[in-house]
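Asker: Heads up, the sequence shown is in this note's numbering, so the first residue is -7 and it goes up one at a time.
Submitted below is the structure of interest, expressed as structure tokens.
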Amino acid sequence: MNKKSRPSLGPQTRAIHAGEPNRRGVNGPVVTEIIRSSTFTFSSTEEMKLWAEGKNKAYIYTRYGNPTLSVAEKKIAALEGAEAAVVTSSGMAAISSALLAALKAGDEVISTAQTYGGTYRLMRDVFPNMGITVRQVGTDLTSIENLVAPRSKVLYVETPTNPTLRLGDIRKAVAFAKKHKLVSIIDNTFATPVLQNPITLGYDMVVHSATKALAGHSDIIAGVAVGNSNWMERVRQMIIYLGGSMDPGAAYLLIRGIKTLGVRVQRQCETAMAVAKFLERHSKVARVHYPGLKSHADHKLAAKQMRGFGSMLAFDLKGGLPAARRFCDRVRLFLLSGVAGDSSDLQFALQHDGGRIAPRGRQSRNGARFNWFGRQRGFN
Ligand SMILES: Cc1ncc(COP(=O)(O)O)c(C=O)c1O
């Protein structure tokens, strides 16, 4: 089929085929090869010289880039509707590298106050030592204009938030960033590219913990930053400096996971809604946090900006932490884990009050909040 007559492909189809070599013909492998090599060859010193001068592109060393990593990057860029992507050794490597690609000493970040604990701690414990000031805004973005200062450089948004499942208005946030010429970065982990595509709305960079839905089987730690080629070149430089590059074996598993992302997320949204409705009616449940429920504070916003309500929910039990612990200790099918993102059908992650999972001062008031993820086997 020539290019002109080719029908436009959906994002999931593109994610399956993007980045893969032409596999027609005899003896072609169907799946992506894992290129384990740390180092790559040149055919002459002239080629080496051209590479060193930035005049040609080549794989030289896996921390700089690798053919298996490139396949994963092209698939995720295709899913997000972006020009380019950089895969990383973890979600935190993607987040820190994206932020550091845009920031320098003296700059300021405006960030949603509710973010994944690791991001929150990075901004709280590390950025001040680097001379970077962080100003926080609620997910409703109220009074955000008051936070703008001459050195404001980045707007960082996470929506839906981990673990409280609050939403920020992604259109309003990016309009604010554009108005003040801020670099806009969004953590799209919980929404996944299946449910929202911030790049197409004008965000400069999207970051993911690919450990979660993108990979989908709890067998790798992985991350990715997505954006235009210029931004991704800067993120790649950060990865080269700081060393947060992905292993090719992890890239292979990420590629495999991405191929089923669409069906997994679709099914997880349905299952999450059914469980949320069940829990909402349950006499021992104080509150269910799921954007798909009409009772959720951000339900209307979720319906407006997401193509589904997501696979993650949290709920508070009556009876506080003791009741919550009793409940967790008795559950038989669901697995108990400190971190949401396991491969099991459904799983709990206790946000407990020790401050190790949820940073101190950020736990739910009664400490009785649980999260679960429907993962790939959550089809049942
Ligand atoms: C929303 C979100 N962003 C970022 C991260 C960090 O990702 P990783 O654990 O892959 O470094 C997580 C991890 O749980 C997360 O939930």
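Cβ atoms here follow ideal geometry from the backbone N, Cα and C, with glycine treated the same way.
1. Buried or exposed, going by whether 16 or more other CB atoms sit within 10 Å of the CB of LEU1?
2. Whole angstroms is fine: what's the gap from MET84's alpha carbon to VAL175's?
3. Confirm, please, whether the CB-CB distance from SER237 to ARG15 is below 8 Å.
4. In the DSSP assignment, the beta strand (DSSP E) including ASN308 goes from what residue to what residue?
5. How about VAL78 and VAL198: do their beta carbons lie closer than 8 Å?
6. Ligand 1 heavy atoms versus the CB of SER30: any closer than 7 Å?
7. Whole angstroms is fine: what's the gap from GLN258's alpha carbon to LYS310's?
8. Should LYS375 be labelled buried (16 or more other beta-carbon atoms within 10 Å of its own) or exposed?
9. Between the region 179 to 186 and the region 296 to 303, do three or more beta carbon pairs fall short of 8 Å?
10. Once the 5 residues before and after ASN(-6) are set aside, which same chain residues still bring their CB inside 6 Å of it?
11. Using a Cβ-Cβ cutoff of less than 7 Å, which residues in the same chain neighbour ASP290 once the five nearest sequence positions on both sides are dropped?
12. Kindly indicate which three-state DSSP category GLY83 falls into: helix, strand or coil?
13. Ligand 1 and ASP117: does any heavy atom of the ligand fall closer than 7 Å to the residue's C-beta?
14. With H, G and I counted as helix, E and B as strand and the rest as coil, what does DSSP make of SER179?
15. Would ASP308 be called buried (16 or more neighbouring beta carbons within 10 Å of its own) or exposed?
16. Do ILE87 and ASP196 have their CB atoms nearer than 8 Å?
17. Could you check where the beta strand (DSSP E) with ARG256 kicks off and where it finishes?
18. Thinking just about the alpha-carbon of each residue, which of GLY11, ALA76, ILE26, THR252 is nearest to the one in ASN222?
19. How would you label TYR53, buried or exposed, when you count the other beta carbons within 10 angstroms and need 16 or more for buried?
20. Can you look up LYS296 in the DSSP assignment and give me helix, strand or coil?
21. With the cut-off set at 8 Å, would you say ALA202 and LEU246 are in Cβ contact?
22. Using a Cβ-Cβ cutoff of less than 8 Å, which residues in the same chain neighbour ALA97 once the five nearest sequence positions on both sides are dropped?
23. Does the region 123 to 137 come close enough to the region 103 to 110 that 3 or more CB-CB pairs lie under 8 Å?
24. Which runs of the alpha helix (DSSP H) at least 4 residues long sit entirely within the region 159 to 237? Give them in chain order.
25. Considering only heavy atoms of ligand 1, does any lie closer than 7 Å to the CB of ILE213?
26. For MET298, verify whether its CB is less than 7 Å away from any heavy atom of ligand 1.
27. How about LEU193 and ARG163: do their beta carbons lie closer than 8 Å?
28. Which same chain residues end up closer than 6 Å to ALA93 when comparing Cβ atoms and leaving out the 5 residues on each side of it in sequence?
29. How would you label PRO190, buried or exposed, when you count the other beta carbons within 10 angstroms and need 16 or more for buried?
30. May I ask which residues mark the beginning and end of the beta strand (DSSP E) holding GLN4?
31. For SER103, does the three-state DSSP call read helix, strand or coil?
32. Please list, in chain order, all residues of the same chain as ILE27 whose beta carbon is under 7 Å from its beta carbon, the five residues on each side excluded.
Answerer: With the given structure in hand:
1. The residue you call residue 1 lines up with position 9 of the sequence shown. Under this definition LEU1 is an exposed residue.
2. For the purposes of this step, residue 84 is taken as residue 92 along the sequence shown, with counting starting at 1. For the purposes of this step, residue 175 is taken as residue 183 along the sequence shown, with counting starting at 1. About 18 Å.
3. In the sequence shown, residue 15 corresponds to position 23, counting from 1. In the sequence shown, residue 237 corresponds to position 245, counting from 1. In this structure, SER237 does not lie closer than 8 Å to ARG15 by Cβ.
4. Taking the sequence shown and counting its residues from 1, the one referred to as residue 308 is at position 316. According to the sequence provided, residue 308 is Asp. The question's Asn does not apply to it. From DSSP, the beta strand (DSSP E) with ASP308 extends over 304 to 309.
5. The residue given as residue 78 occupies position 86 in the sequence shown. The residue given as residue 198 occupies position 206 in the sequence shown. No, the pair does not count as a contact, with Cβ atoms beyond the cut-off.
6. Here the question's residue 30 lines up with position 38 in the sequence shown. For SER30, the shortest separation between its Cβ and any heavy atom of ligand 1 does not lie below 7 Å.
7. Within the sequence shown, residue 258 is the residue found at index 266, counting from 1. Within the sequence shown, residue 310 is the residue found at index 318, counting from 1. Cα to Cα, GLN258 sits roughly 31 Å from LYS310.
8. Outside the shown range of the chain, which is -7 to 372, sits residue 375, and nothing can be said about it.
9. yes
10. Indexing the sequence shown from 1 puts residue -6 at position 2. Confidence is the limiting factor: at ASN(-6) the pLDDT is only 47, short of 50, which leaves the residue's position unreliable and the question unanswerable from this model.
11. Counting from one through the sequence shown, the residue named residue 290 turns up at place 298. Hits under 7 Å: ARG158, LEU159, PRO283.
12. Within the sequence shown, residue 83 is the residue found at index 91, counting from 1. Reduced to three states, the DSSP call for GLY83 is helix.
13. Counting from one through the sequence shown, the residue named residue 117 turns up at place 125. False, no ligand heavy atom lies under 7 Å from that Cβ.
14. Counting from 1 along the sequence shown, the entry for residue 179 is found at position 187. Note that residue 179 is Asp in the sequence shown, not Ser. Strand.
15. On the sequence shown, position 316 is the one that residue 308 refers to. Buried: at least 16 other Cβ atoms inside 10 Å.
16. Residue numbering aside, residue 87 sits at position 95 when the sequence shown is read from its first letter. Residue numbering aside, residue 196 sits at position 204 when the sequence shown is read from its first letter. In terms of Cβ geometry, ILE87 and ASP196 do not form a close pair [threshold 8 Å].
17. Counting from 1 along the sequence shown, the entry for residue 256 is found at position 264. No beta strand (DSSP E) contains ARG256, which is instead part of the alpha helix (DSSP H) from 253 to 273.
18. To locate residue 222, count along the sequence shown from 1; it is residue 230. If we check each option's Cα against that of ASN222, ALA76 comes out closest.
19. Here residue 53 refers to the residue found at position 61 of the sequence shown. So TYR53 counts as exposed.
20. Counting from 1 along the sequence shown, the entry for residue 296 is found at position 304. Of the three classes helix, strand and coil, the one that applies to LYS296 here is helix, per DSSP.
21. On the sequence shown, residue 202 is found 210 positions in, with the first residue counted as 1. On the sequence shown, residue 246 is found 254 positions in, with the first residue counted as 1. Cβ distance < 8 Å, so ALA202 and LEU246 count as in contact.
22. The count along the sequence shown starts at 1 and reaches residue 97 at position 105. MET122, GLY123, ILE124, listed in sequence order.
23. Yes: at least three Cβ pairs fall under 8 Å.
24. Counting only runs of 4 or more, we get 162 to 171, 184 to 187, 221 to 234.
25. Working through the sequence shown from its first residue, we reach residue 213 at position 221. Checking the Cβ of ILE213 against ligand 1 gives yes.
26. As a first step, residue 298 is located in the sequence shown; it is residue number 306 there, counting from the start. Because no heavy atom of ligand 1 lies under 7 Å away, the Cβ of MET298 does not count as near it: no.
27. For the purposes of this step, residue 193 is taken as residue 201 along the sequence shown, with counting starting at 1. For the purposes of this step, residue 163 is taken as residue 171 along the sequence shown, with counting starting at 1. Result yes, Cβ atoms of LEU193 and ARG163 sit closer than 8 Å.
28. The residue given as residue 93 occupies position 101 in the sequence shown. Closer than 6 Å at Cβ, skipping near neighbours: ARG226, VAL227, MET230.
29. By one-based count along the sequence shown, residue 190 stands at place 198. Buried, by the Cβ-count rule.
30. Locating residue 4 in the sequence shown gives position 12, where the first residue counts as 1. From DSSP, GLN4 is part of no beta strand (DSSP E) but of the alpha helix (DSSP H) over 3 to 9.
31. Position 111 of the sequence shown, counted from the first residue, corresponds to residue 103. Reduced to three states, the DSSP call for SER103 is strand.
32. On the sequence shown, residue 27 is found 35 positions in, with the first residue counted as 1. Here the set comprises ASN58, PRO59, THR60, PRO240.
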